[in-house]
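**Q**
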Amino acid sequence: MTIIKTENLTKIYSDGKVEVVALKDVSLEILSGEFIVIAGPSGSGKTTLLNLIGGLDKPTKGKVYLEGKDITVMKREELSDLRLRKIGFIFQAYNLIPVLTVFENVELPLVLLGISEKERFERVMEVLKALGIAELVNKKPNEISGGQQQRVAIARAIVTEPAIVLADEPTAHLDSKTGGMLIDIMQEMNQTRRITFVICSHDPQVIQRARRLIKLRDGMVESDEKLW
5 MTIIKTENLT KIYSDGKVEV VALKDVSLEI LSGEFIVIAG PSGSGKTTLL NLIGGLDKPT
65 KGKVYLEGKD ITVMKREELS DLRLRKIGFI FQAYNLIPVL TVFENVELPL VLLGISEKER
125 FERVMEVLKA LGIAELVNKK PNEISGGQQQ RVAIARAIVT EPAIVLADEP TAHLDSKTGG
185 MLIDIMQEMN QTRRITFVIC SHDPQVIQRA RRLIKLRDGM VESDEKLW
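To get the numbering used here, take the position in the sequence shown, counting from 1, and add 4.
(1) Around the Cβ of residue 38, are there at least 16 other Cβ atoms within 10 angstroms (buried) or fewer (exposed)?
(2) Let's test the definition: count the other Cβ atoms within 10 Å of the Cβ of residue 17 and tell me whether it reaches 16, buried, or not, exposed.
(3) For residue 150, which residues in the same chain have their Cβ closer than 8 Å to its Cβ, ignoring the five residues on either side in sequence?
(4) Leaving out five residues before and five after residue 216 in sequence, what residues of the same chain have Cβ atoms less than 8 Å from its Cβ?
(5) For residue 84, which of helix, strand or coil comes out of DSSP?
(6) My output table needs one value for residue 74: the three-state DSSP class, helix, strand or coil.
(7) Give the range of the alpha helix (DSSP H) segment to which residue 56 is assigned.
(8) Mapping the DSSP letters down to three states, classify residue 213 as helix, strand or coil.
(9) Ignoring anything shorter than 3 residues, give me the beta strand (DSSP E) runs that lie fully in the region 177–225, in order along the chain.
(10) My assumption, with CB atoms under 8 Å, is that residue 210 sits in contact with residue 34. Please give the rounded CB distance.
Here it is as structure tokens:
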């Protein structure tokens, strides 16, 4: 089943004088259950592509379809609801809310979805246990390590059971050992829960784990290879 489809996706940034082509005519299909790494040098368009797929930005031209629906024509409110229900995000800066506990950070999207308190508790504890951080429920983000914060970010991304999880340089601020452990976790979630992952990274150990590797250069797809 196709989860994401892009057609001739192009993004041009302009300050009124100079135009920068961040992405040019990118057409891709992402299938359910894939574990994809998007690689490429700085400025190749990785984050731009991820933001367009996730509905965080609008393309200059082209289309993005999520489960067959054209998200490029959706209004802001529709996109917000779609992201909440269908897309999990993992950012390199974690983006946890500092005044909330680990439990509350992971619970927040379920609160926004109107899920009952009992079900929220069960779902949050299930993912925290699966990620090995259940003992951190009452800690604030500044009381735990960077690797633990990124696990919390993963928990928050998957607790809503999204169609797809998008991760932007998730190991960027972590040492190689911790980064490797996090990729292990994401691979396990992909294999056991059939969660679709699309990860932007230039980290060699992340690239080595790709089941499908898409390389970008100068805003275009240089290669798209299924590895295993």
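Glycine is no exception: its CB is placed at the ideal position from the N, C-alpha and C atoms.
**A** Looking at the atomic coordinates:
(1) For the purposes of this step, residue 38 is taken as the residue at position 34 of the sequence shown. Burial call: buried.
(2) Taking the sequence shown and counting its residues from 1, one reaches residue 17 at position 13. Residue 17 is exposed by the Cβ-count criterion.
(3) Along the sequence shown, read from residue 1 onward, the residue named residue 150 stands at position 146. The beta carbon of residue 150 lies closer than 8 Å to those of 98, 177, 178, 182 in the same chain, with the five residues before and after it left out.
(4) Locating residue 216 in the sequence shown gives position 212, counting from the first residue. Short of 8 Å from the beta carbon of residue 216, and not among the five residues preceding or following it, lie these beta carbons of its own chain, in chain order: 38, 39, 40, 41, 228, 229, 230, 231.
(5) For the purposes of this step, residue 84 is taken as residue 80 along the sequence shown, with counting starting at 1. Helix, per DSSP.
(6) Locating residue 74 in the sequence shown gives position 70, where the first residue counts as 1. Here DSSP, grouped into helix, strand and coil, assigns residue 74 to strand.
(7) Residue 56 sits at position 52 when you count from the first residue of the sequence shown. Where residue 56 is concerned, the enclosing alpha helix (DSSP H) stretches over 50–57.
(8) As a first step, residue 213 must be located in the sequence shown, where it is residue number 209. The DSSP-derived three-state label of residue 213 is coil.
(9) Counting only runs of 3 or more, we get 200–204, 216–221.
(10) What you label residue 210 is simply residue 206 of the sequence shown in a count that begins at 1. What you label residue 34 is simply residue 30 of the sequence shown in a count that begins at 1. Rounded, the Cβ-Cβ distance is 17 Å, inconsistent with contact.
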